[in-house]
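Below: the structure, in structure tokens.
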Amino acid sequence: MLNGVCPECKEINTGWAWCNKCDPGRFLKEGKTSGNSVIDKLIHEAQFKTRDYGNNTEWIPFDRLKDIKPIGEGGFAEIYSATWLDGIPDYSSKKRRTGPQIVALKKFKNSKITVGAFADEIKVHVECLGCVIQKLYGITRNPETDESFMVMMYASNGNLRDYLKKNFLSFKWEEKLRDLWYIIDALGNIHELNYIHKDLHSGNILMYKLDVDDLSGAIISDLGLSQSIYNTNNSTNVCGILPYVAPEILNGKPYTKACDIYSFGIIMVEMSTGKPPYGNMSHDENLALAICNGLRPKVIKGTPKCYIDLVNKCLDSDPEKRPSSREILKVIFQWNLEFMNGGSESEIVKEFSNADAIASQEYSSNEVTSHPEAVYKSRYMNFRDLPNSKNSLGVQVENTEFSDVNLIENFIYDTIKEQSQDKIEVESTNES
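1 is the number of the first residue of the sequence shown in the UniProt record's numbering; add one for each residue after it.
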């Protein structure tokens, strides 16, 4: 009787305070319609997959949301904070709520695709219920503007990119490894459900405050581009943030789980440096060309070799050679275990602790500058005639005497040289 009894059909609930026979669509029976039949149907269908009262996708009247303020903007959506007067379900008492709660509101910029985008993203959220992702509470609509919003969990510490910029020197490796553990575990759950995120980057990793010691935890957000592995196809149109996009995607190959692993590898580099990748250069076709030719971002001096080795595996140009999310999880879990066991004599702990000390000397917030054409919002890109991806030197340690711009110039020079050589060989063959 832990789940309780449904007051309507008098049968034992199918989940905690939830009857899957009577509760789906209850909001419609009570006259709480969104005013949009498509959205009503979407919520109704999502509720049939609800496991319990606490994970119910709700219709939330717009007048129950106050103090709405813009807090962020991505390539395709705008994010707001708001106070939900009723609050989220209170697990300590069935069918009750917490009272006023700060939540995040997500609105798609293009109103013409809103309903379709809502449908796609909500379906992924429902399918990925139980994964460590940004929690979806429900949907609301502004009756005056006819704009629809997703109502979601609010992350008080912002996204990982901003968190690193503000807290890099106090953000120690023990905490970084724990957050990487959370991220790769969530990504593994998504992959096990045969979904691909497709837009994994530090702006889509949210940092929420844990209940103990003022620490933060990390969750994956923005499933707007996510799709089933069975629905991918080749395309010359690339969508995302260029530094996080796997080279085979730049070549027009279909998305796979390995593409998310590449993105995770870039996030690992960002954890090391505290800076967005390739921030000192234009995110244009030259960068795409260099990435296909083996350019990889640099880690900060002192980064442990075991960490660099794992990053290089994630960033391998051959997607078949990249480790799976579960293989990565095993490695990062082991590193966390070394810290949890209090092993000050552990070589792993010593390496990462030493990296903290070196980082405090090497890192300068003044270096976190961005080229005016470095774009860290998701967008559509179109690259043609890029070379097949290949490995080069892998991830290197930062070197102030040889910048990423110098590297790109070298990669472009090598490409032109190879193309010229190929042309000479073709001409020689034709002459013979």
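We put the CB at the ideal spot given by N, CA and C, even for glycine.
In this chain, the beta strand (DSSP E) harbouring Asn142 covers Leu136 to Asn142.
Within the same chain, Thr140, Arg141, Asn142 and Pro143 come within 7 Å of Phe62 by CB-CB distance, once the 5 residues on both sides are set aside. If you draw a straight line from the Cα of Asn388 to the Cα of Asn293, it comes to about 8 Å. Beta-bridge partners of Ala288 (DSSP): none assigned.
With fewer than 16 other Cβ atoms inside 10 Å of its own Cβ, Tyr380 counts as exposed. Taking 8 Å as the cut-off, the Cβ atoms of Cys314 and Arg326 do not count as close.
Under the three-state reduction of DSSP, Val5 is assigned to strand. When secondary structure is reduced to three states using DSSP, Gly188 falls in the helix class. Within its own chain, the residues whose Cβ lies closer than 6 Å to the Cβ of Met268, once the five positions on either side in sequence are excluded, are Val311, listed in chain order. Taking a cut-off of 8 Å for Cβ pairs, the stretch 246 to 262 and the stretch 152 to 169 do not touch, as fewer than three such pairs fall below it. In terms of Cβ geometry, Gly302 and Glu347 do not form a close pair [threshold 8 Å]. Excluding residues up to 5 positions away in sequence, Ala155, Ser156, Asn157, Ser216, Gly217 and Ile219 lie with their Cβ nearer than 7 Å to the Cβ of Tyr208 in the same chain. Annotation: Ala77 to Gly342 spans about 43 Å, alpha carbon to alpha carbon. For Glu320, no pairing in a beta bridge is given by DSSP. Residue pairing by DSSP places Ser81 opposite Lys69 and Ala104 in a beta bridge. Going by beta carbons, Leu200 and Tyr255 fall outside the 8 Å limit. Beta-bridge annotation (DSSP): Cys22 is not paired with any residue. Counting along the chain, the unbroken beta strand (DSSP E) around Arg379 starts and ends at Arg379 to Asn382. Scanning its chain for C-beta atoms nearer than 7 Å, with the 5 sequence neighbours on each side dropped, one finds around Asp185 the residues Val132 and Leu329, in chain order. Here Val124 is not bridged, per DSSP, to any residue.
Between the beta-carbon of Trp59 and that of Ser34 there is about 5 Å, and that keeps the pair under the 8 Å contact cut. Listed in chain order, the non-local C-beta contacts of His191 below 6 Å within the same chain comprise Lys257 and Ser325, local neighbours out to five positions each way being set aside. Burial is judged here by how many other beta carbons sit within 10 angstroms of a residue's own beta carbon; Cys9 has fewer than 16 and is exposed. Our two residues, Leu337 and Leu180, have alpha carbons roughly 13 Å apart in a direct line. Collapsing the DSSP output to three states places Leu180 in a helix.
Following the DSSP letters along the chain, one finds Tyr208 inside the beta strand (DSSP E) bounded by residues Ile205 to Lys209.
In the DSSP annotation of this structure, the continuous segment of the alpha helix (DSSP H) that includes Glu327 starts and ends at Ser325 to Met340. Here Asn312 carries a helix assignment [DSSP, helix/strand/coil]. Per DSSP, the beta bridge partners of Val397 are Val299.
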